[in-house]
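A.B. asks: Take any residue in the sequence shown, note its place counting from 1, add 1166, and you have its number in the working numbering.
My questions all concern the structure below.
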Amino acid sequence: MKLLVLGGTKNLGRHVVEAALRDGHDVTLFNRGRTNPSLFPSVRRLIGDRSAPDALATGEWDGVIDMSGLLVHDVRRGAELLRDRVGHYTYMSSIAVYASKITPGMTEDAPLLPWPDGAPEDHFTMDLYGPSKVRCESLLEAHFGERTSAVRSGFVVGHYNPDFGNWGEALAHGQTLECAARPDQPIQYIDARDLAAFLLRLTVDRIPGPFNAVGPSTTMSTLADAWRSVEPDPGPMDWSPADDRFHLPHDGSNDGTFQLDNTRALTAGLTLRADEEIARDYVVWVQDGNIPPPPPH
Ligand SMILES: NC(=O)c1ccc[n+]([C@@H]2O[C@H](COP(=O)([O-])OP(=O)(O)OC[C@H]3O[C@@H](n4cnc5c(N)ncnc54)[C@H](OP(=O)(O)O)[C@@H]3O)[C@@H](O)[C@H]2O)c1
């Protein structure tokens, strides 16, 4: 299909473009040409900023996958421009949309964050991340109706993306694995390749709605055991708290965020590879000389 990818050259988006090309889609990229500009040299590229996307004024696509939609102003502008010229619009959203951070088992129908009175739509601050994703999802639904889906993910691990600290590096070089989250902290994540495949599936098959695109909920210590199992003589775990390490609140105030219900996504075709496969491939990628980006906090 003719596919427009907004973004596509940094972390998750690279996987989407790689998978789309592998599947034989006719891909066009739209970005500013700043991030990894030499990637995908054979792919058509429209250069522009989302705040004034003149380069998107003409053209038709069967589907768009929006990996760079952070500001409400920019997503609204793109939606207005593209509404009558694209088939399905798949939006990369986030698990940060939910109003509760402590309720286990939230489905896509759980209450979402409100938009703060008077907040700017054209200026990004971290506290507006979740509300902006909610507002973008809802404005896209208003513009595209059944022709839009929203993919809510949290931690994404895989090539070009971080892991949960220094795990890939430590396993590749026999060092201590660090993590400042508590060992019984609930955690959910997804492999970037599984996420890319799901984004494509929703777009190609035009499956509407929001989806929790996350793996099964586990704990940090179970996850660490799975990752450590891929090396014959892995280094030990160090769970001591330190701000520069991967950490999550120790008081449980974010536990619900990592106990989401992913049934709807699985039913729509999300497939998830095992922790051991994710870890093994990641460690090999590091052993090949690649440097993981810093871990998320
Ligand atoms: N990483 C995670 O764990 C995670 C989790 C949940 C959700 N998300 C969501 O995933 C999306 C980002 O993923 P990613 O960074 O990996 O995507 P990506 O598509 O790999 O990288 C971001 C792309 O956006 C382009 N871009 C940035 N600002 C732009 C602008 N003002 N105008 C036009 N293009 C612009 C960048 O290229 P140029 O710099 O060349 O313009 C780059 O190609 C975001 O929507 C984020 O909220 C991420």
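For every residue, glycine included, the Cβ atom is placed at its ideal position computed from N, Cα and C.
In this text, all values refer to a predicted model and were calculated from it rather than measured experimentally.
Is Ser1406 buried or exposed, if buried means 16 or more other CB atoms sit within 10 Å of its CB?
C.D. replies: Residue numbering aside, residue 1406 sits at position 240 when the sequence shown is read from its first letter. Classification for Ser1406: exposed.
A.B. asks: Straight-line CA distance for Asp1441 to Ala1392?
C.D. replies: Here residue 1441 is taken as the residue at index 275 of the sequence shown, counted from 1. Here residue 1392 is taken as the residue at index 226 of the sequence shown, counted from 1. Answer to the nearest angstrom: the Cα atoms are 6 Å apart.
A.B. asks: Spell out the partners DSSP gives Thr1315 in its beta bridges.
C.D. replies: As a working note, residue 1315 is residue 149 in the sequence shown. First, the residue type needs correcting, since residue 1315 is Ser and not Thr in the sequence shown. BP columns for Ser1315 point to Thr1256, Gly1375.
A.B. asks: How about Gly1334: is its Cβ closer than 8 Å to a heavy atom in ligand 1?
C.D. replies: Position 168 of the sequence shown, counted from the start, is the residue given in the question as residue 1334. The answer is no for Gly1334.
A.B. asks: Would the beta-carbon of Phe1412 fall within 9 Å of that of Glu1344?
C.D. replies: Here the question's residue 1412 lines up with position 246 in the sequence shown. Here the question's residue 1344 lines up with position 178 in the sequence shown. A contact, by the Cβ cut-off of 9 Å.
A.B. asks: Given a threshold of 16 other Cβ atoms within 10 Å of its Cβ, counted over all protein chains shown, does Glu1226 qualify as buried or as exposed?
C.D. replies: Residue 1226 sits at position 60 when you count from the first residue of the sequence shown. Exposed, because fewer than 16 other Cβ atoms sit within 10 Å of the Cβ of Glu1226.
A.B. asks: Along the chain, where does the alpha helix (DSSP H) that runs through Thr1369 open and close?
C.D. replies: By 1-based counting over the sequence shown, the position of residue 1369 is 203. 1358-1370 is the extent of the alpha helix (DSSP H) around Thr1369.
A.B. asks: From which residue to which residue does the alpha helix (DSSP H) around Leu1426 run?
C.D. replies: For this step, residue 1426 is matched to residue 260 along the sequence shown. No alpha helix (DSSP H) holds Leu1426; DSSP gives it neither H nor E.
A.B. asks: In chain order, what are the residue ranges of uninterrupted beta strand (DSSP E) at least 3 long that sit wholly in the stretch 1193-1227?
C.D. replies: DSSP runs (the beta strand (DSSP E)) wholly in the stretch 1193-1227: 1210-1213.
A.B. asks: Since Gly1422 contacts Pro1270 with CB under 8 Å, what's their CB separation in whole angstroms?
C.D. replies: Working through the sequence shown from its first residue, we reach residue 1422 at position 256. Working through the sequence shown from its first residue, we reach residue 1270 at position 104. Contact flag correct, Cβ pair sits at about 5 Å.
A.B. asks: Name the residue from Asp1447, Val1171, Asp1192 whose alpha carbon lies nearest to the alpha carbon of Val1182.
C.D. replies: Taking the first residue of the sequence shown as position 1, residue 1182 is located at position 16. Selected option, being the one with the closest Cα: Val1171.
A.B. asks: Can Met1258 be considered in contact with ligand 1, in the sense that its beta carbon sits closer than 8 Å to one or more heavy atoms?
C.D. replies: As a first step, residue 1258 must be located in the sequence shown, where it is residue number 92. Met1258 Cβ: within cutoff of ligand 1.
A.B. asks: For the stretch 1262-1331, which segments carrying the beta strand (DSSP E) assignment without a break, of at least 3 residues, lie completely within its bounds, in sequence order?
C.D. replies: Listed in chain order, they are 1314-1318, 1321-1323.
A.B. asks: Can we count Asp1275 as close to ligand 1, meaning its CB is less than 8 Å from some heavy atom?
C.D. replies: By 1-based counting over the sequence shown, the position of residue 1275 is 109. No, Cβ of Asp1275 sits at least 8 Å from all heavy atoms of ligand 1.
A.B. asks: Run through the stretch 1386-1456 for me and flag every whole alpha helix (DSSP H) of 4 or more residues, listed as ranges in chain order.
C.D. replies: Complete alpha helix (DSSP H) runs here, min 4: 1386-1394, 1429-1433, 1441-1453.
A.B. asks: So what does DSSP say about Arg1247, is it helix, strand or coil?
C.D. replies: Taking the sequence shown and counting its residues from 1, the one referred to as residue 1247 is at position 81. Looking at the sequence provided, one finds Leu at residue 1247 rather than Arg. It is helical.
A.B. asks: Please classify Ile1213: is it buried, with 16 or more other beta-carbons within 10 angstroms of its beta-carbon, or exposed?
C.D. replies: Taking the first residue of the sequence shown as position 1, residue 1213 is located at position 47. Flag for Ile1213 reads exposed.
A.B. asks: Would you mind working out which of His1239, Leu1178, Ala1221, Met1258 sits nearest Asp1232, comparing C-alpha positions?
C.D. replies: Here residue 1232 corresponds to residue number 66 of the sequence shown, with the count starting at 1. Looking at the Cα atoms, Met1258 is the closest of the given residues.
A.B. asks: On the DSSP bridge list, what partners appear for Lys1168?
C.D. replies: Here the question's residue 1168 lines up with position 2 in the sequence shown. Note: Lys1168 sits in a beta bridge opposite Asp1192.
A.B. asks: Kindly list the residues whose CB is nearer than 6 Å to the CB of Thr1273, restricted to its own chain and excluding five residues on each side of it in sequence; keep chain order.
C.D. replies: Start at 1 with the first residue of the sequence shown, and residue 1273 comes out as number 107. If we look at Thr1273 and ignore the five residues flanking it on each side, its Cβ neighbours are Asp1427.
A.B. asks: Is it true that the CB of Gly1375 sits closer than 9 Å to the CB of Ala1479?
C.D. replies: Any answer about residue 1479 is impossible in this case: the structure gives the chain only from 1167 up to 1463.
A.B. asks: Using three-state DSSP, classify Gly1229 as helix, strand or coil.
C.D. replies: Walking along the sequence shown from the start, residue 1229 turns up at place 63. Residue state, collapsed to three classes: strand.
A.B. asks: Arg1367 and Leu1436 - do their beta-carbons sit closer together than 9 Å?
C.D. replies: Position 270 of the sequence shown holds residue 1436. Position 201 of the sequence shown holds residue 1367. Yes. Within cutoff.
A.B. asks: Our contact map puts Leu1278 next to Tyr1255 with C-beta atoms below 8 Å; I'd like the distance itself, whole angstroms only.
C.D. replies: The residue labelled residue 1278 in the question sits at position 112 within the sequence shown. The residue labelled residue 1255 in the question sits at position 89 within the sequence shown. Not confirmed; about 19 Å, so no contact.
A.B. asks: Within the present structure, is the beta-carbon of Asn1378 separated from the nearest heavy atom of ligand 1 by less than 8 Å?
C.D. replies: Within the sequence shown, residue 1378 is the residue found at index 212, counting from 1. Not under cutoff, so the answer is no.
A.B. asks: Assuming Asp1329 and Pro1415 form a contact by the criterion Cβ under 8 Å, report the distance between their Cβ atoms to the nearest whole angstrom.
C.D. replies: The residue given as residue 1329 occupies position 163 in the sequence shown. The residue given as residue 1415 occupies position 249 in the sequence shown. That pair is no contact at about 20 Å.
A.B. asks: Suppose you measure from the CA of Val1370 to the CA of Gly1199; what does that come to, to the nearest Å?
C.D. replies: Counting from one through the sequence shown, the residue named residue 1370 turns up at place 204. Counting from one through the sequence shown, the residue named residue 1199 turns up at place 33. The alpha-carbon atoms of Val1370 and Gly1199 are separated by roughly 26 Å.
A.B. asks: Please report the distance separating the alpha-carbon of Ser1298 from that of Ser1319.
C.D. replies: Locating residue 1298 in the sequence shown gives position 132, where the first residue counts as 1. Locating residue 1319 in the sequence shown gives position 153, where the first residue counts as 1. Whole-angstrom Cα-Cα distance: 15 Å.
A.B. asks: Under three-state DSSP, which class holds Leu1237?
C.D. replies: Taking the sequence shown and counting its residues from 1, the one referred to as residue 1237 is at position 71. In this structure, Leu1237 counts as coil in the three-state DSSP scheme.
A.B. asks: Output needed for Thr1175: all residues of its chain with C-beta closer than 8 Å, excluding positions within five of it in sequence on either side, in chain order.
C.D. replies: On the sequence shown, residue 1175 is found 9 positions in, with the first residue counted as 1. Val1183, Leu1195, Asn1197, Thr1201, Asn1202, Pro1203, Leu1205, Phe1206, listed in sequence order.
A.B. asks: What do you reckon, is the C-beta of Arg1243 under 8 Å from a heavy atom of ligand 1?
C.D. replies: Position 77 of the sequence shown, counted from the start, is the residue given in the question as residue 1243. Because no heavy atom of ligand 1 lies under 8 Å away, the Cβ of Arg1243 does not count as near it: no.
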